[in-house]
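Using my numbering, you'd call the opening residue of the sequence shown number 1 and step up by one each time. Each residue gets a CB set at the ideal place from its N, CA and C atoms; glycine is no exception.
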Amino acid sequence: MPRWWLGLFYGTMVFSVVYLILWPGMGSYAGLLGWTSTGEYEAEVKAAEAQFQPVYAGFMKQDIATVAANPDARSIGKNLFLTYCSQCHGSDAAGAKGFPNLTDHDWLYGGDPDTIKATLTNGRSGVMPALGAAIGPEKTRDVANYVMSLSGRKHDAARAAAGKTVFAENCAACHTPAGTGMQAMGAPNLTDKVWLYGGSEATIIETITKGRNGVMPAMAQTLGTTSNKDAKLHLLAAYVYSLSQQQ
1 MPRWWLGLFY
11 GTMVFSVVYL
21 ILWPGMGSYA
31 GLLGWTSTGE
41 YEAEVKAAEA
51 QFQPVYAGFM
61 KQDIATVAAN
71 PDARSIGKNL
81 FLTYCSQCHG
91 SDAAGAKGFP
101 NLTDHDWLYG
111 GDPDTIKATL
121 TNGRSGVMPA
131 LGAAIGPEKT
141 RDVANYVMSL
151 SGRKHDAARA
161 AAGKTVFAEN
171 CAACHTPAGT
181 GMQAMGAPNL
191 TDKVWLYGGS
201 EATIIETITK
211 GRNGVMPAMA
221 QTLGTTSNKD
231 AKLHLLAAYV
241 YSLSQQQ
């Protein structure tokens with residue numbers, strides 16, 4: 001066996017022993033250097049936060065509408081959106097079934113800058129109670145047709161007429177008697193063409209029968225304890241606000 005090969009073999013053994021002494025590699029042993037991948041990650045995050053802090057600080061002095069008009073701020077906000085929000089709302093923010101389109105002017109809780117920031121910070125929990133057991137299948141179909149009539153969709157006129165009373169008794173408290181919705185409760189406007197879960201008769205019946213439970217997570221928790229958390233929320237709010245101002 002060549003000596004160089006033996007030397008290399010013994011060298012790797014020595015290296016392995018030294019490595020296992022200095023770095024973690026054996027069970028719960030932490031190593032003399034105390035290195036961890038978590039610590040390495042946190043150090044990198046801390047360095048990045050320190051690098052961006054002066055940039056964030058400048059935007060924090062401006063209101064959300066002003067920040068939304070700044071191309072550099074929107075670029076940062078877009079990157080934050082793609083990281084934290086696109087999984088649900090899509091990379092184009094157009095939403096999907098159960099996830100609102102953020103590029104239009106239809107807002108469940110309000111689309112002004114402060115409300116958007118409050119939604120991002122604290123999250124939302126929108127509950128539509130299940131009414132199927134309370135009103136039964138026939139009245140459910142009646143009220144579904146009445147709801148369809150509110151937005152001008154094709155519907156059964158006789159059932160819609162019967163469903164109007166059912167709506168007034170069971171739905172108007174949240175959606176208002178006119179069906180225009182109530183942002184304070186997150187109750188959607190039923191008179192427009194926007195349907196979060198779908199506007200077909202079958203889907204509306206499913207919604208009335210089984211209810212819906214939409215959850216928007218609190219980004220203040222998602223962003224953790226990073227030093228620039230408030231600034232990131234500010235920039236995210238500005239970017240989301242800007243999306244609906246482009247139309």
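(message) Quick check on the burial criterion: 16 or more other C-beta atoms within 10 angstroms. Buried or exposed for residue 228?
(response) buried
(request) Measure the C-alpha to C-alpha separation of residue 115 and residue 130 and round it to an integer number of angstroms. (result) 27 Å
(message) Please report the straight-line C-alpha distance between residue 40 and residue 87, rounded to a whole angstrom.
(response) Looking at the backbone, the Cα of residue 40 and that of residue 87 are separated by about 27 Å.
(message) Nearest by alpha-carbon distance to residue 38: which of 24, 199 and 79 is it?
(response) 24
(request) Could you tell me which residues DSSP puts in a beta bridge with residue 125? (result) 215
(request) Note the first and the last residue of the continuous alpha helix (DSSP H) segment covering residue 4. (result) 3-22 is the extent of the alpha helix (DSSP H) around residue 4.
(message) Does the beta-carbon of residue 43, which I'm using as the reference point, lie nearer than 6 Å to any heavy atom of the ligand SAM?
(response) The ligand SAM is absent from the structure shown, which contains no ligands of any kind.
(request) List the residues that DSSP assigns as beta-bridge partners of residue 52. (result) Looking at the DSSP assignment, residue 52 forms no beta bridge with any residue, so it has no partner.
(message) I'd like to confirm the pairing. Which residues does DSSP put opposite residue 167 in its beta bridges?
(response) Its beta-bridge partners do not exist; DSSP assigns none.
(message) Going by beta-carbon coordinates alone, are residue 231 and residue 60 separated by less than 7 Å?
(response) Yes, they are a contact pair.
(request) Excluding the 5 residues preceding and the 5 following residue 123 in the sequence, name in chain order all residues of the same chain whose CB lies nearer than 6 Å to its CB. (result) Non-local beta-carbon contacts of residue 123 in its own chain, meaning distances under 6 Å to residues more than five positions away in sequence, involve 216, 217 and 218 in chain order.
(request) Assign residue 125 to one of two classes, buried (16 or more other C-beta atoms within 10 Å of its C-beta) or exposed (fewer than that). (result) exposed
(message) Short of 6 Å in beta carbon distance, which residues of its chain neighbour residue 139, apart from the five on each side in sequence? Order them along the chain.
(response) 166
(message) Just to confirm before moving on: does the CB-CB distance between residue 239 and residue 52 stay below 7 Å?
(response) no
(request) State yes or no: is the C-beta of residue 68 within less than 7 Å of the C-beta of residue 197? (result) no
(message) Quick check: residue 180 and residue 189, are their CB atoms within less than 7 Å of each other?
(response) yes
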